[in-house]
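Student: This is the structure, below, for whatever I ask next.
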Amino acid sequence: MSDAKFNITQSLVSELVATQFPQWAHLPIKPVAKSGWDNKTFHLGTTMSIRLPSAKAYIEQVAKEQTWLPKLAPHLPLPIPTPIAMGTPSQTYPYPWSIYKWLDGENPTHQNISDHTQFATTLAHFLIQLQKTDPTDGPPPGTHNFYRGGPLTIYDTETRNALTALHGQIDTHTATAVWETALNATYQGTPVWLHGDVSAGNLLVHNGHLSAVIDFGSSAVGDPACDLTIAYTFLSEKSRETFRKTIQANDAMWARARGWALWKALITLAQHINGPAVDPTDIQNIIHAILADHKYTA
Numbered sequence: 027m028s029d030a031k032f033n034i035t036q037s038l039v040s041e042l043v044a045t046q047f048p049q050w051a052h053l054p055i056k057p058v059a060k061s062g063w064d065n066k067t068f069h070l071g072t073t074m075s076i077r078l079p080s081a082k083a084y085i086e087q088v089a090k091e092q093t094w095l096p097k098l099a100p101h102l103p104l105p106i107p108t109p110i111a112m113g114t115p116s117q118t119y120p121y122p123w124s125i126y127k128w129l130d131g132e133n134p135t136h137q138n139i140s141d142h143t144q145f146a147t148t149l150a151h152f153l154i155q156l157q158k159t160d161p162t163d164g165p166p167p168g169t170h171n172f173y174r175g176g177p178l179t180i181y182d183t184e185t186r187n188a189l190t191a192l193h194g195q196i197d198t199h200t201a202t203a204v205w206e207t208a209l210n211a212t213y214q215g216t217p218v219w220l221h222g223d224v225s226a227g228n229l230l231v232h233n234g235h236l237s238a239v240i241d242f243g244s245s246a247v248g249d250p251a252c253d254l255t256i257a258y259t260f261l262s263e264k265s266r267e268t269f270r271k272t273i274q275a276n277d278a279m280w281a282r283a284r285g286w287a288l289w290k291a292l293i294t295l296a297q298h299i300n301g302p303a304v305d306p307t308d309i310q311n312i313i314h315a316i317l318a319d320h321k322y323t324a
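Under our numbering, the sequence shown has 214 at position 188, and the numbering climbs by one with no breaks.
Written out as structure tokens, the structure reads:
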């Protein structure tokens, strides 16, 4: 879990740029239309963006992206963020932060994608190339990425607590079977590069096609099964099957992918019980898709 969020305002960002990068102080700064949870993002002029961690839990990601994104980019078939500069903590903002080249595009929706099968295929090929990139000295799963790419066992207690809280609201019997199947499908392969948070919010489309992959804050070298959760959180049944075939996920990898997707959906839905923070409908649909897929493949 993250710590308290830092209040990042436009005036604070302007002050940081003016103080640390005066050559860009004349450029307009404005928030992006849709910022993330881990970081707040702002436009810097028309060709750059500013990305600032929203809490202490995310600061390790700054140096990681600065170090590894330029090394990964030449091996990937789609653009990823390009770091331009790294800001330092100040008296008004206590964390490191980054300036990147701006990437055009918008987050994918079911309406702005021209061909969902092609979208799934393009994404799978990107992840295949990411996994093939030399992992030497890459960071293993840890606190910097909340253990994405590590064993699912680290979230066993949290998942089972959520199952208990959701008893009577979902099919907890099948959900438990999905979770235990995932736990038993341990990763036997060599650690490879993974993105760690492949979701619609971290993808960009342009003219109906997948055009870029952003936000590598959760990246690591480990088990890439967590990168397949988008099969349930965004893809439809047909494009999900295309995605799996293209990426050549065996039964064990697919079971772990279901586990990662189920863990996140369960804890989010359980949190909804105690407050109106999220609309449960989409989460329930994700859980339904996971359980249905498990029953079909069992």
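The beta-carbon is built from N, C-alpha and C at its ideal position, and this holds for glycine as well.
1. Using the Cα positions of Ser244 and Ala89, report the straight-line distance between them to the nearest angstrom.
2. Using the three-state DSSP reduction, which class does His199 fall into: helix, strand or coil?
3. Could you tell me how far apart the beta carbons of Ala150 and Phe260 are, in whole angstroms, since I believe they sit closer than 8 Å?
4. Taking the alpha-carbon positions, what's the Ala30 to Thr169 distance?
5. Report the residue ranges of all alpha helix (DSSP H) runs contained in full by the segment 127-162; include only those spanning at least 4 residues, in chain order.
6. Thinking Leu104 and Phe152 are a contact (beta carbons under 8 Å), I'd like their distance in whole angstroms, please.
7. Report the residue ranges of all beta strand (DSSP E) runs contained in full by the segment 183-260; include only those spanning at least 3 residues, in chain order.
8. Just confirm the distance between the C-beta atoms of Ser75 and Asp64, as a whole number of angstroms; I'd bet it's less than 8 Å.
9. Could you say which of Ala278, Gln137, Thr255 lies nearest to Val231 if we only look at CA atoms?
10. Given that a residue counts as buried once 16 or more other Cβ atoms are within 10 Å of its Cβ, and exposed if not, what is Glu91?
11. Tell me the DSSP secondary structure of Ser28 in three-state form.
12. Would the segment 292-299 count as touching the segment 192-212 if we require 3 or more Cβ pairs under 8 Å?
13. Along the chain, where does the beta strand (DSSP E) that runs through Thr294 open and close?
14. Cβ atoms of Gly285 and Trp219: under 8 Å apart, would you say?
15. Round the Cβ separation of Pro134 and Leu254 to the nearest angstrom and send it over; I've been treating them as touching at under 8 Å.
16. Report yes if the CB atom of Tyr119 is closer than 8 Å to the CB atom of Leu38, and no otherwise.
17. For the beta strand (DSSP E) containing Asn171, name the first residue and the last one.
18. For the candidate residues Leu292, Phe68, Arg186, Ala318, whose alpha-carbon lies nearest to that of Pro306?
19. If we count the other Cβ atoms within 10 Å of its Cβ and call it buried at 16 or more, is Gln87 buried or exposed?
20. Express the C-alpha separation of Thr200 and Lys321 in angstroms, rounding to a whole number.
21. Quick one, are the C-beta atoms of Leu53 and Asp197 less than 8 Å apart?
22. Quick one: Cα of Ser28 to Cα of Asn171, how far?
23. Short check: CB of Pro96 to CB of Tyr126, under 8 Å?
24. What is the rounded straight-line gap between the Cα of Thr179 and the Cα of Gly222?
25. For Gly131, which residues of its own chain have a beta-carbon under 7 Å away from its beta-carbon, when the five flanking residues on both sides are left out?
26. Tell me which same chain residues have a C-beta within less than 8 Å of the C-beta of Pro100, skipping the five on either side of it?
27. Assign Gly71 to buried or exposed, taking buried as 16 or more other Cβ atoms, counted over all protein chains shown, within 10 Å of its Cβ.
28. When you compare each of Asp319, Lys158, Gln49, Thr67 to Lys264 by their alpha carbons, which one comes out closest?
29. Contact check, Ala164 vs Cys252 under 8 Å by CB: the rounded distance?
30. Could you have a look at Leu102 and say whether DSSP puts it in helix, strand or coil?
31. Going by other Cβ atoms of all chains shown within 10 Å of its Cβ, with 16 needed for buried, is Gly248 buried or exposed?
32. According to DSSP, is His314 part of a helix, a strand, or is it coil?
Tutor: On the basis of the coordinates in this document:
1. Near 12 Å, if we compare the C-alpha coordinates of Ala89 and Ser244.
2. Helix.
3. With a Cβ gap of about 13 Å, Ala150 and Phe260 do not count as contacting.
4. 16 Å
5. 142-158
6. 5 Å
7. Correct list: 218-220, 229-232, 235-239, 246-248.
8. Their Cβ separation, rounded to whole angstroms, is 15 Å, which puts Ser75 and Asp64 out of contact at 8 Å.
9. For Val231, the closest alpha carbon among the candidates Ala278, Gln137, Thr255 is that of Gln137.
10. buried
11. For Ser28, the pLDDT reaches just 44, beneath the cut-off of 50, and the residue's location in the model is therefore unreliable, leaving the point undetermined.
12. yes
13. Taken as a continuous stretch (DSSP letters only), Thr294 belongs to no beta strand (DSSP E), being part of the alpha helix (DSSP H) at 277-299.
14. no
15. The pair is not a contact, with the Cβ atoms about 16 Å apart (cut-off 8 Å).
16. yes
17. Premise fails: Asn171 is in no beta strand (DSSP E) and is neither H nor E.
18. For the residues Leu292, Phe68, Arg186, Ala318, the minimum Cα distance to Pro306 belongs to Leu292.
19. Result: buried.
20. Taking the straight line from one Cα to the other gives about 8 Å.
21. Asp197 sits away from Leu53, with the two beta carbons spaced by 8 Å or more.
22. Residue confidence is low: Ser28 scores 44 on pLDDT, short of 50, so the model does not pin down where it sits. Its coordinate-derived value is still stated next. Looking at the two C-alpha atoms, the distance is approximately 11 Å.
23. no
24. Going by the C-alpha atoms only, they are around 17 Å apart.
25. Leu230, Val231, His232, Ser237, Ala238
26. Scanning its chain for C-beta atoms nearer than 8 Å, with the 5 sequence neighbours on each side dropped, one finds no residue around Pro100.
27. exposed
28. Asp319
29. The question names Ala, yet the displayed sequence has Gly at residue 164. No, Gly164 and Cys252 are not in contact; Cβ-Cβ is about 15 Å, not under 8 Å.
30. coil
31. buried
32. Reduced to three states, the DSSP call for His314 is helix.
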